[in-house]
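These protein sequence lines are chains A and B, in that order. Each position in the first sequence, counted from 1, maps to that position plus 530 in the numbering used here. Each position in the second sequence, counted from 1, maps to that position plus 18 in the numbering used here. For each residue, glycine too, the CB sits at the ideal point set by N, CA and C. Being a predicted model, the structure only gives us computed values, none of them experimental.
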Amino acid sequence: MFERSRLIIVLKALFQSSRTEDELDEEMRFHLKMETEANVKKGMDLKAAHQAALRSFGGIEQRKEDCREAWGVRVITNLLHEFCLSLRRLFRRPVQNGLMFATFAVSVMLSTLSWSLFHTMFLRQPEFDPKGEYLVLNYVGGVIGASRSSNGEMEAYKEGQKVFSDFAEVGFYNSPTIQLPGGAERVLAANLSARALQIVGAKPLMGRLFRPEEDKRGSAPVALLSQHMWENSYDRDPSIVGKIMDIGSDQVTIVGVMPADFRFPNDQDLWLSYGFYDWGPDAMVKLKPGVTREQAESNLKVILDGLGPDSPANRRGLTPALIPFRDYYLPSEIRVSALVLFALSLIFVVVSCANAANLMLIDFLGRRAEVATSLALGIPRGASIRNVCFQVTMIAMGAVLLSIALLPVAGPFLYDHIDVNLEPYWLNYHFEWHYVGMAFALAGVSAAVTVSAPMVYLLWVDPDKVIREHAYTSRGTGRTLWRRLLLIGQITLLTVLGVSAGLLVRSSYNVGENTWGYPADRVFVGKISAREIEFTVEEPLGSVQRLAIYRRVLDQVTQRLETEAVALAHFSPGYSSGPNITYALGQEEIGEAFNSQVTEGFFDTLGVPFVEGNTLPRENPDDGPVYGVINESLAQKIWPSQDPLQRVLYIRFSGAPASAPSIPIVVCGVVRDFQVSGPVARNNDFILTPLMPRSFVRPGQFIFVRDRIGVPNVRSIRDAVHRADSRLSFYFPSTLGRVIDIMLSSMHMTANLTTVFAAAAVLLCSIGVYSLTVTQVLQSSREFGIRMALGTEPQRLWVHFTCGHLLTTLIGVLIGLFGASQVARVFSPLLFGVDPYSVSTYAMVAFTILLVATLACIPSFFRLRRINPAKCLRSL
Amino acid sequence: MDEVFSVLSVDTLSIKFLSLTNLEKEMAKKVNDLLQGTLDMLALRALRDENRHGWAIQQRINQISNDLLSINQGSLYPALIRLEKKGYIKSDWGVSENGRRAKYYRLTKKGRVQMEAEATLWREFSTTINLIMEIL
């Protein structure tokens, strides 16, 4: 332990150094005076007495040094001295050092973020399974979308298996509609066996967990509520345990409440006992020691084969598969993105190292006379190298500190933009110390590579020669092949990123809010379902009854004072999947469009104006024609320059049998184009027809509401719906803007990340071009000086060598354009309204890069003008 | 042995012996190592009875050793800093007997304990050496 007395002396020596030195001096002088006086008393004269005192003392300065050593702050003061010296150097060359700092900061920041993402996607394990031992028993192959097992199969696996040391049945996803005190609501739920809850280390806030006997089919169903649901839907009812909740026709007993931090596997609000689950269960399993995944899968296959060809999985041609629990939710494209991002960031580190090394070299070449003089005067090369190391280390550490400071902001921002459906809880951003370690490691490597160039220079430079040749010695022409290759590589990378970012940004703009055709952020959208009502009646509801219920909903919502417009529809933009009908004028089909049923207020609610005609009729008689509203472009396509109103066209549903008759539609109105299927649909032509008993009225409908001011309040709409019928379930409340944003999030994420990387690449490349051109001027200064002495204008020289660099840049751009065209092919599914080979985008990026490269060459012109031709001639 | 230690000059790291044979020099070197920490002990001992400034400490050591042990004066100050860092002594500025400002050192409780411990150790050590020398 550091003693207090030691600490006081060290701190005093550090922070009151001049006072401490003065005191030491005074103390020693006092000693000498006393000794002198003593010597005088012994009979010496004053001068001899003083000399004798000095001799016996042993040299004041030497003793002072001994005392400084004894204070124990020598190392610290030396470091502080070096620090101050380096700091002065940093501010003496603010441009170069600022550029180096920016280079380091960008590469360290991006790399640390990429490492965090890489770690989360590939290495981080859920807390309950730190060694990654748990696997999910699932299926692969067979019918797409049918990779679900049956309960019987799961039981057979559990009974017959000899390869697992742990087996817990689970149903990871369930979305039941439950009757809450405020009305029916659909919630996200999961079915877990008692063992599964044990495995994940669940501890209830109140009540108990599930019991093994509740895993069995036919046992009384029980449920655990999330704290959020307990607080919001049950008003923190203290006697909630033991109460009954209705799920469909079943009565489920609430046995406990889980704390807010229990999230498994996603953001569930409800956990139901496994016995109350009959749709495609999975299992969490752990292999016995020595058993491989392949052996376990073979064992499961044998069990499945034993169930005969009628077992659901065998009928669908499915094969049992064991998937690591961590990977179960992660789509492979997200993992590939993380890997590519990490690789890209490492390339950035390499590029930034090369640029920083070049910048350091500029510093040394620019003051080579000063360096050579100091070496010639005997200052050791080691001291100069130490200074360089100190300087670069300070810049690198500054970059690391900035990166670490920005991490709490940049990390969550990045993760928020990664949209994984049903994202598991361990994929959220949370700080880990190895991020800091990675930032320091990357900065350390960058600093080590960066100091290598000036170190080599300092070791090789011949000070005599430099001084003899008036500091115009030159080891090369500055046009070395590796530098050109470095420049080409950087420009290629920049071009690929630039074109990708350009295409993606244009694509994002094309699907932006301005193109949707409706004020999406002001339109509320939710879903209502009459299924709960159907559980309570003996006969299923018909379309007429359903329509009557929905009309009551519309009336109730309309009665809200804030409501400006309200509508129901079978679909919602953002959820629909594009054209579903073909249309014809006679027998011949003309094209494809989207058809769905909506109520008459649909266009008003979305704020889409009518170009011609009127909206759909409220009541479309069963014996009359079916009316339809079409979009302006479709009208122009079918009846160019003609009035489309009251004209008839025929529609047929895609995939309907050939014998099915076409349905005649009479056009009653034409509205302005809007993106009915959402911005990413290739075709947004539509023919919308009325919600009427003649066509099938589905039990679930989307409800759209627009208020006079602001965004509609969810609770007030829910109350209005439940006033119409409290058994109606109301779920997925959102705004149209949010729904479409979620749909576009993956594209936005890719576009944003690519743009960030492209911006970083522009910065790195401009620094690269700048450092290369200036280095060339410095290294070729004697050649340039002689040429100028022979009459060549500096401007001509600059144009000449700038053209050389621009030619190199052009080669990089051309290679990059080719690479970009290949990359664009890969992400063309993400592009909307943009040709992957868009000439304008490619040309704009190429022009921008050449412009940046030209601008980056300008500082070298001023360096060139500083060359003194007379000095160069003298150096010959 | 009296002859060997007739004039002894203690430095922080060296002791100068006069009139020594090679064997005796080698022995003296070992004793030198042994005595390296003794300056600290002597300084503590000098402060046992009263607070003193640096010069007075040196004078006191000379006095109690009957001038047999001659301290290299400048080496006393690093030793005093070491002792202060360890918390064995404390220093304050005061006025000396001739009216000058001087830094006075005083023994702390911890320093007193340390001095006693070192003195005991030294006594045991020298007794052992004496015993061995007598037997030999």
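Cβ-Cβ distances below 7 Å link LEU874(A) to PHE1287 in the same chain, with the five nearest sequence neighbours on each side left out; the list follows chain order.
Taking a beta-carbon distance threshold of 7 Å, ARG118(B) counts as an interface residue toward chain A.
Contact between the stretch 1211-1220 of chain A and the stretch 1156-1171 of chain A is established, with three or more Cβ pairs separated by less than 8 Å.
Secondary structure in the stretch 1128-1153 of chain A: the alpha helix (DSSP H) runs of 4 residues or longer, each lying completely within the stretch, are 1132-1136 in chain order.
Three or more Cβ pairs drawn from the stretch 1363-1374 of chain A and the stretch 1032-1048 of chain A lie within less than 8 Å of each other, which places the two stretches in contact.
Contact between the stretch 750-762 of chain A and the stretch 773-790 of chain A is present: three or more C-beta pairs spanning the two stretches fall below 8 Å. A distance below 6 Å between beta-carbons, with the five flanking residues on each side excluded, links ASP1051(A) to the following residues of its chain, in chain order: THR1265 and GLY1267. DSSP, reduced to helix, strand and coil, places ASP85(B) outside both helices and strands of the structure shown, so it counts as coil. Runs of the alpha helix (DSSP H) lying entirely within the stretch 793-846 of chain A and spanning at least 4 residues, in chain order: 823-836 and 842-846. Excluding its 5 nearest sequence neighbours in each direction, ALA902(A) has C-beta neighbours in its own chain below 6 Å: PRO993, VAL996 and ILE997, listed in chain order. With its beta carbon at least 7 Å from every one in chain B, ASP555(A) lies outside the interface. Exposed is the label assigned to ASN608(A), since fewer than 16 other Cβ atoms lie within 10 Å of its Cβ. Chain B has no Cβ within less than 7 Å of the Cβ of ILE915(A).
With a cutoff of 7 Å on beta-carbon distance, ILE606(A) and MET558(A) are scored as not near each other.
In the three-state reduction of the DSSP assignment, TRP1046(A) falls in the coil class, being assigned neither a helical nor a strand state. Under a criterion of Cβ atoms nearer than 8 Å, no residue of chain A is adjacent to TRP140(B); the nearest Cβ is some 23 Å distant. Exclusion of the five residues before and after TYR807(A) leaves GLY701 and ASN721 as the residues of its chain whose Cβ lies within less than 6 Å of its Cβ. Distance from the CA atom of ARG66(B) to the CA atom of ALA579(A), rounded to whole angstroms, is 30 Å. Contact annotation: ALA1123(A) and PRO1139(A) have beta-carbon atoms that are not nearer than 7 Å. Nearest in C-alpha terms to PHE1054(A), of all of LEU1098(A), THR1025(A) and SER1030(A), is LEU1098(A).
In the structure shown, the three-state DSSP call for ILE1270(A) is helix.
Exclusion of the five residues before and after VAL866(A) leaves no residue of its chain whose Cβ lies closer than 7 Å to its Cβ. In this structure, the beta-carbon distance from ALA851(A) to ASN681(A) does not fall below 7 Å.
For TYR965(A), the enclosing alpha helix (DSSP H) starts and ends at 963-990.
For ALA935(A), the enclosing alpha helix (DSSP H) starts and ends at 911-946. The closest CA to that of TYR687(A), considering only SER586(A), GLY1199(A), CYS1198(A) and GLU827(A), is found on GLU827(A).
Under the DSSP assignment, GLN1231(A) falls in the beta strand (DSSP E) whose first and last residues are 1230-1237.
Identification of chain B residues near ASP596(A) by a Cβ-Cβ cut-off of 8 Å yields THR30, GLY92, SER93, TYR95 and PRO96, ordered along the chain. Put simply, the backbone Cα of ARG793(A) is about 30 Å away from that of SER641(A). Measuring C-alpha to C-alpha distances from ARG1177(A) to each of GLY928(A), GLY1116(A) and VAL1227(A) identifies GLY1116(A) as the nearest.
Between the alpha carbons of LEU1294(A) and THR923(A) lies a gap of roughly 19 Å.
The residues GLY805, in chain order, have a CB closer than 6 Å to that of LYS746(A) in the same chain once the five nearest residues on each side in sequence are set aside.
Listed along chain B is no residue with a C-beta nearer than 8 Å to that of ILE606(A); the closest approach is about 15 Å.
Between the C-alpha atoms of ARG1253(A) and VAL1227(A) there is a straight-line separation of about 21 Å. Nearest CB-CB separation between GLU551(A) and chain B: not below the 7 Å threshold. Beta-carbon to beta-carbon, ASP1203(A) and SER1163(A) are separated by about 5 Å, close enough to satisfy the 8 Å threshold.
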